[in-house]
Amino acid sequence: MLALLDIEASSLLSPHSYPIEIGWVAADLSAGYVALISPEPDWTDWSAEAELIHGLAPDAIRRLGEPATEVASALNDMLSGAEIATDSPGIDARWLQRLFVAAYIPAVIPLLPCMDGEAAGPHVIQDSDTILVRTAEQSSISAEDLEVIGSAVFHGAGLRRHRALDDALFQAICFQIARWDRQSSERELLGHLTAQIENVKARILGGAVARHARRGGNDADLLRAILAR
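Just add 918 to the spot in the sequence shown (first one is 1) and you have my numbering.
Take a look at the structure:
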């Protein structure tokens, strides 16, 4: 399985930044996961500028976030043996490392980015843009068509940039378009992908709400609203 992953963080440039939201989606849109991450006691860094971008307030993260141990364990369970790709391998690797160090759990998923010239595989975090370009070249779809159709599906499904799950979904959308065999019309492709996205996102959000309930949380509606917006 190729899992497309995205992370939102407390800030972008600070060496003390930490992950606050993580999401991943299978490239075939068959599965996925999203979680807010409750800050550890020594995770105190916060950027107001970053908050304006992702829209997540620190109070909400502390109130609704899942412990680092639970998030790290879930990633190990779900992504063991999977290939993982992000659009920012170096940055996302740093935040994944911080998550697993805080959780005191050995990672069975890659925590190092793929370096230039290094063979890709499940032992490193791969660059999703590199994989996407290679996939698009094989199907002869232009970069312009990929961007136009991808943006149409993204906005048609009501997704938002700079949120972990939606950004991961955008990567998956682009992979699905890159594999388009053109036997169906562009309109049919848009409709099919939009329905797939709505279905998998509903299941992923339902999973997050169910985990919240099992922890004894009583803010399910608030959590769903924050994760969905």
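Where is the CB? At the ideal position from N, CA and C, for every residue including glycine.
Is residue 1086 near residue 922, with beta carbons less than 8 Å apart? yes
Use the C-beta contact count for residue 947: other C-beta atoms within 10 angstroms, 16 or more gives buried, fewer gives exposed. buried
Straight-line gap, residue 941 to residue 1112 (C-alpha atoms, nearest Å): 19 Å
Helix, strand or coil at residue 1045 according to DSSP, with G and I counted as helix: strand
Around the C-beta of residue 971, are 16 or more other C-beta atoms found within 10 angstroms, so that it is buried, or is it exposed? exposed
Enumerated in chain order, which unbroken segments of the alpha helix (DSSP H) with a length of 4 residues or greater are wholly contained in the segment 982–1041? 986–997, 1007–1021
Going by C-alpha distance, which of 1017, 1072, 962 is nearest residue 994? 1017
For residue 926, write down the residues that DSSP places opposite it in a beta bridge. 939
Where do the N-terminal and C-terminal ends of the alpha helix (DSSP H) with residue 1131 fall, by residue? 1104–1132
Rounded to a whole number of angstroms, what is the C-alpha to C-alpha distance between residue 1002 and residue 943? 10 Å
Is the Cβ-Cβ distance between residue 1027 and residue 998 less than 8 Å? yes
Use the C-beta contact count for residue 1081: other C-beta atoms within 10 angstroms, 16 or more gives buried, fewer gives exposed. buried
Whole angstroms is fine: what's the gap from residue 955's alpha carbon to residue 979's? 7 Å
Under the DSSP definition of a beta bridge, which residues are partnered with residue 1091? For residue 1091, which the question treats as bridged, DSSP gives no partner whatsoever.
So the candidates are 1057, 1090, 1083, 1053; which of them puts its Cα closest to the Cα of residue 1068? 1090
With contact counted as at least three CB pairs below 8 Å, one residue from each stretch, are the segment 1053–1067 and the segment 1005–1012 in contact? no
Tell me whether residue 1059 sits in a helix, a strand or coil according to DSSP, three-state version. coil
Exposure label - residue 899; buried when at least 16 CB within 10 Å: With the chain represented from 919 up to 1147, any question about residue 899 goes unanswered, as that position is not in the structure.
Assuming contact is defined by CB atoms lying nearer than 8 Å, are residue 1007 and residue 963 in contact in what I supplied? no
Classify residue 954 as helix, strand or coil using the three-state DSSP reduction. strand
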